[in-house]
Amino acid sequence: MGNKVESSSNSAAWTVADAENVYRVKRWGNGYFDIGDNGNLHVIPRYDQPNLKIDMLEVINEMQAEGIEFPAVIRFHDILRSQVELLNKTFRRIMEEADYEGRYFGVFPVKVNQMREVIEEIVDAGTRFNYGLEAGSKPELIAALAYNTNKDSLTVLNGYKDEEYLRLAMLGTQMNRKVVVVIEKFSELRKLIALTKVTGIMPMIGLRVKMMVKGRGKWESSSGERAKFGLSIAEILNAVELLERENMLEAAKLLHFHIGSQLTDIRAIKEAVQEASTIYTQLVKRGVPLQYVDVGGGLAIDYDGSQSTQDSSCNYNLDEYVSDIVYGFKQSCDLADVPHPHLVSESGRAMTAHHSCVVTKVIGEIQPNGIDFSTRKATGEHIIVSNMRTLETDLTELNLQEAFNDANQLKEQAIQAFKLGVLNIIEMGKVETIYWRLLKNINTALQGEEFIPEEMQEIPEMLSSQYLANFSVFQSAADSWAIDQVLPVVPISRLNEKPTKLCSLVDITCDSDGKIDKFIGEGEVATNLPMHELQPEQDYFIGLFLTGAYQDVMGDMHNLFGRLNEVHVFSYDDDPKDFYIEEVVKGSSIDHVLSTMQYNPAIMAQMIKKEIDQQIQRGSIKPRQGVQLVDFYEDCLGAYTYLKS
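Here this note's numbering is used: the first residue of the sequence shown is 20, the next is one more, and so on.
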């Protein structure tokens, strides 16, 4: 189903409150985005400074003035810092309220966004909270060792491990870092014990339990007894016995569990905490010196603003999430009379999603039968054409449904007749043109009607346009294409004007899958989004939001478009615009993406020059023109991969 664009006698009746109802900016924006009275999208980058607002159109205007081409990624680093502070302060506050005796030592999972500038910002913002990093591979561990220099924070190591991975962990321990090696499968423990004997370095060991409870949402299959990672209860007990035999039980410091990403239902978290706290208390009573419990990731964000258990939403907020963890472990530990563990979480999506967005320009519109074609009556034309013309001529408010039904029947007849050679190509063109014109007239007549027959409710969607946007879905919104993730899409300006177009988005790739046709809808996913009529000589920018988690790092090289230009925006209250652009990171050039695929741009330029020289010798190209053509080719090699718009 598509979104509706409600009828109105004039666009002046449209308000920003109406725009909020359509785009749900406040509901998915988590306090960081709002619609300004001027109709522009605003960013509130600091959760503790609600009056500090950045007009996104002013950011775009400044980017254009500096010659930064679109599409581009805009990072609001203050949002990143705000989320890190908010998570840590929420845990601290609720722990104090609950008289919880342990502390919170969160870690950011590097896999969610491996960009150096993101990691640097998170580590810096988390320093005073002893907020660390989680790595799931050797490259991520190498980055974590270099950037997580806080001796009091944790570096949690997940993922399957070979000897080199474990030696890197030992290196971190020798550097006086709190590096926790999480055992994902039993064989890793044997390798780690053997390495400990050789090096004499006692590691911090985490035991990951394979939970019986399953998560809720798109990733629920990653948990439960068939989960990819973790040890069963029996394997946990065997691991404890092995550590005892090797005189290494003191190394067992952390219990880890994870029931899935983007947990949509708070009940899954409650159930997981109950199961994990039971395992923790019984292990501690058995003599295992556990100090930490890592509750894994899963803290969801509300992509569609529905506050529901749908895959793109969640039915809880940060306070409820933290409270269920803290009070759940406190109650279990108090009942069992064991110490409260330090709590660790690996929230990544919630930390990074809001800080980054992709902004691009709509560069065209694709309409069904958008080009006029003469439908003037011709002598001897086929009866199907005449009948379709009569439907249009005789259309009144009283026969809308009859005309719609007849038009569809005539169109089907025309298609069959054309395939059989009964209808010629000119006549088929007339039928198509009249049909779409008739649908537009019917749709206009239906505006404002209280009751619309079910079969005619699809007319707005049939007439919907495709807005051509200068970006690649595969590079900038991979989850939208791969797993049907709903990402908020919002015009940057004109939100105080009534949107009169129902649109889906198509990108500039040559792939038919290069489109976005899943949007925030009225209680369900919509196939179209209300947007504004494109105006000549006026740029129309749209934003894809909540792209800071995974989307920044999952893009591929489809059509060799490569990475986008990127700007880093910081708030600054003393600036007239309340912001400044701190850094510009250039996106991929054509020669760069070609080099990535093993082409040699310098040799390619020589090949083109050789061909043109041959044409000059033959007299097909004049020498001056040949030089210009070679220069043009070489200039294109160094240019941005996306369209100049």
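Note that CB positions come from ideal geometry on N, CA and C, so glycine has one too. Since we're looking at a predicted model, the values are computed, not measured.
Of all the options the options, which has the alpha carbon lying nearest to the alpha carbon of residue i?
i    : options                   : result
G645 : E77, I627, N195 and Y659  : I627
I511 : V378, I278 and Q435       : V378
K596 : W47, E77 and G48          : E77
F110 : K449, D343 and H577       : D343
I63  : D503, K45, T283 and L482  : K45
F148 : L583, L548 and V363       : V363
I622 : D413, E653, H361 and P518 : E653
H401 : T409, I390 and V441       : V441
G219 : K197, T192 and V200       : T192
S331 : S499, K517 and E451       : S499
E541 : N40, V35, T34 and W33     : N40
E183 : S156, N336 and Q350       : S156
A464 : V492, L429 and L414       : L414
N462 : L429, K438, E416 and A488 : E416
D353 : F564, V404 and G121       : G121
A165 : I471, Q350 and R135       : R135
F490 : P472, A436 and R582       : R582
S523 : A488, I502, K272 and K449 : A488
P212 : M194, F248, E254 and A258 : The identity of residue 212 in the sequence shown is Ile, whereas the question assumes Pro. The residue with the shortest Cα to Cα distance from I212 is A258.
A355 : Y340, Q633, Q301 and K396 : Q301
L613 : N49, Q350, T394 and C655  : C655
L548 : K537, P642 and D558       : K537
M194 : A163, K272, E203 and K349 : A163
N437 : V35, I403 and Q466        : The sequence given here has Phe at residue 437, not Asn. Taking only the C-alpha atoms, the option nearest F437 is I403.
L71  : T412, I79, G50 and L439   : G50
D338 : K108, Q485 and E260       : K108
N619 : D571, G657 and M475       : G657
I471 : L439, N418, Q625 and D594 : N418
V19  : D593, E473 and E115       : This structure gives no information on residue 19, because the portion of the chain shown stretches from 20 to 664.
E556 : Q633, S664 and P222       : S664
P37  : H361, N80 and T519        : Correcting the residue identity first, residue 37 is Asp in this sequence and not Pro. Among H361, N80 and T519, the Cα nearest to that of D37 belongs to T519.
Assuming residue i contacts residue j (C-beta within less than 8 Å), just tell me the rounded distance between them.
i    : j    : result
L256 : L262 : That belief does not hold up - the Cβ atoms of L256 and L262 are roughly 11 Å apart, past 8 Å.
S495 : P90  : 7 Å
V137 : T371 : 6 Å
G317 : G347 : 14 Å between Cβ atoms; not a contact.
L563 : I320 : Actually they are not in contact, since the Cβ atoms of L563 and I320 sit about 15 Å apart, beyond 8 Å.
L410 : A433 : 12 Å between Cβ atoms; not a contact.
V314 : I113 : Incorrect: roughly 14 Å between the Cβ atoms, too far for contact.
S590 : I73  : 6 Å
V126 : E365 : 6 Å
K349 : A117 : 5 Å
Y559 : K449 : Not confirmed; about 33 Å, so no contact.
T452 : N388 : 6 Å
Y42  : I539 : 7 Å
If you measure between the beta carbons of residue i and residue j, is that distance less than 8 Å?
i    : j    : result
F124 : L190 : no
I275 : Y119 : The identity of residue 275 in the sequence shown is His, whereas the question assumes Ile. No; because the gap between Cβ atoms is not below 8 Å, this pair is not in contact.
L662 : I385 : no
N169 : T146 : yes
L514 : S483 : no
H587 : E601 : yes
A270 : I224 : yes
E159 : Q133 : yes
L250 : R227 : yes
M75  : H61  : yes
P507 : W33  : no
K210 : L185 : yes
Y322 : Q504 : yes
A497 : M576 : no
V131 : A568 : yes
I98  : H551 : no
V92  : E585 : yes
E153 : R100 : no
Y335 : L273 : no
C688 : T283 : This structure leaves residue 688 out entirely; the chain is present only between 20 and 664.
T660 : L579 : yes
I87  : V604 : no
Scan the segment 470-530 and note each continuous beta strand (DSSP E) run of 3 residues or more that stays entirely inside, going in chain order. 484-488, 508-510 and 520-525
Under 8 Å, with one C-beta from each stretch per pair, do the segment 294-312 and the segment 525-535 reach the 3-pair mark? Three or more Cβ pairs closer than 8 Å define a contact, and the segment 294-312 falls short of that threshold against the segment 525-535.
Mind the definition here: the segment 221-233 touches the segment 294-303 only if three or more C-beta pairs lie below 8 Å; say whether that holds. yes
Would the segment 457-477 and the segment 420-432 be scored as touching if the rule is three or more Cβ pairs under 8 Å? They touch, by the three-pair rule.
What are the start and end residues of each continuous beta strand (DSSP E) run of 3 or more residues lying completely inside the segment 574-653, in chain order? With a minimum length of 3 residues, the continuous beta strand (DSSP E) runs that stay inside the segment 574-653 are 584-590 and 598-604.
Any 3 or more C-beta pairs closer than 8 Å across the segment 49-57 and the segment 529-540: Flag = no, the segment 49-57 and the segment 529-540 do not touch.
Going along the chain, which unbroken runs of the beta strand (DSSP E) with 3 or more residues stay wholly within the segment 111-191? The beta strand (DSSP E) runs lying completely inside the segment 111-191 and spanning 3 residues or more are 126-128, 151-154 and 173-176, given in chain order.
In chain order, which beta strand (DSSP E) runs of at least 3 residues are fully inside the segment 359-422? Runs found: 361-363 and 375-385.
Suppose only complete runs of 3+ residues qualify. What are the beta strand (DSSP E) ranges in the segment 322-364, listed by chain order? Those beta strand (DSSP E) runs which fall completely within the segment 322-364 and span 3+ residues are 361-363.
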